[in-house]
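For the sequence shown, this note's numbering gives the first residue as 82, with consecutive numbering after it.
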Amino acid sequence: MISTLKKLNIASIVLFLFIVPHSKSLAQQQIEESGDIIQLALPISALASTLIWPENQSTLLEFTKSMGASIIITHSLKVMIDKDRPNGAKDGHSFPSGHTSAAFTGATFLQLKYGWEVGVPSYLLATYVAWTRVKVKRHDPWDVIGGALTGFGCAHLFKNNKKIEINISKLNDNLLVGLVVKY
Numbered sequence: 082m083i084s085t086l087k088k089l090n091i092a093s094i095v096l097f098l099f100i101v102p103h104s105k106s107l108a109q110q111q112i113e114e115s116g117d118i119i120q121l122a123l124p125i126s127a128l129a130s131t132l133i134w135p136e137n138q139s140t141l142l143e144f145t146k147s148m149g150a151s152i153i154i155t156h157s158l159k160v161m162i163d164k165d166r167p168n169g170a171k172d173g174h175s176f177p178s179g180h181t182s183a184a185f186t187g188a189t190f191l192q193l194k195y196g197w198e199v200g201v202p203s204y205l206l207a208t209y210v211a212w213t214r215v216k217v218k219r220h221d222p223w224d225v226i227g228g229a230l231t232g233f234g235c236a237h238l239f240k241n242n243k244k245i246e247i248n249i250s251k252l253n254d255n256l257l258v259g260l261v262v263k264y
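Next comes the structure, spelled out in structure tokens:
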């Protein structure tokens with residue numbers, strides 16, 4: 082199994098090298114698109130790893146919870162914080178970076194499941210995604226740090242199917258979110 086994972090990592094790195102622009106003359110759009118692709122490739126790789134090998138299928142629920150929580154937390158924070166983007170877009174969806182959150186959820190899941198041999202290249206790809214978001218001025222460094230911590234935290238939170246309770250309620254015009262983790 083590990084030899085197959087090594088092959089997947091090598092294929093990912095080769096793909097990464099073809100996607101990454103190699104000269105300053107290439108458009109910002111290529112940088113942004115490469116980040117868009119990789120932020121999907123990491124969680125898709127994590128999901129595929131739970132489906133391809135029968136011994137990993139028990140972790141499908143862990144991945145689903147991790148990714149679901151990452152998406153919910155990221156988009157809830159975007160709405161609650163309402164921070165405009167560095168490029169001037171007034172959509173209020175800058176913090177945290179959703180691309181970075183997705184990439185780090187996938188990378189962390191892969192690292193926790195398969196160790197650092199798979200984790201290091203995965204984290205490098207996730208860090209590249211974060212860099213692209215800052216480079217094209219969709220986010221500032223705080224936004225991508227927030228996204229990375231969200232993805233990293235969600236993957237760790239659901240490792241080994243811990244008992245999680247999430248309570249969401251509204252008080253006046255404020256949204257209150259509570260989280261209880263039982264080990």
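Even for Gly, the Cβ is constructed at its ideal location relative to N, Cα and C.
{"Query": "S104, DSSP secondary structure in three states", "Result": "Annotation note: pLDDT 49 at S104 (below 50); position unreliable, no value reported."}
{"Query": "As assigned by DSSP and simplified to three states, the class of H220", "Result": "coil"}
{"Query": "Segment contact flag, the region 149–165 with the region 191–205, C-beta cutoff 8 Å, min 3 pairs", "Result": "no"}
{"Query": "Beta-carbon proximity check, W223 vs F176, cutoff 8 Å", "Result": "yes"}
{"Query": "Cα-Cα separation, A122 to N253", "Result": "41 Å"}
{"Query": "Beta-carbon proximity list for T140, same chain, < 7 Å, skipping 5 on both sides", "Result": "T131, K194"}
{"Query": "N- and C-terminal bounds of the alpha helix (DSSP H) containing A183", "Result": "179–195"}
{"Query": "Close-in-space but distant-in-sequence residues of the same chain around N255 (CB under 8 Å, 5 per side omitted)", "Result": "none"}
{"Query": "Exposure label - Q192; buried when at least 16 CB within 10 Å", "Result": "buried"}
{"Query": "Whole-Å CB distance - F190 paired with A127, under 8 Å assumed", "Result": "4 Å"}
{"Query": "Inter-residue Cα distance where the pair is N137 and E143", "Result": "11 Å"}
{"Query": "Contact set for E113: own chain, Cβ-Cβ below 7 Å, skip 5 residues either direction", "Result": "T213, V217"}
{"Query": "Local conformation of K164 per DSSP, three classes", "Result": "strand"}
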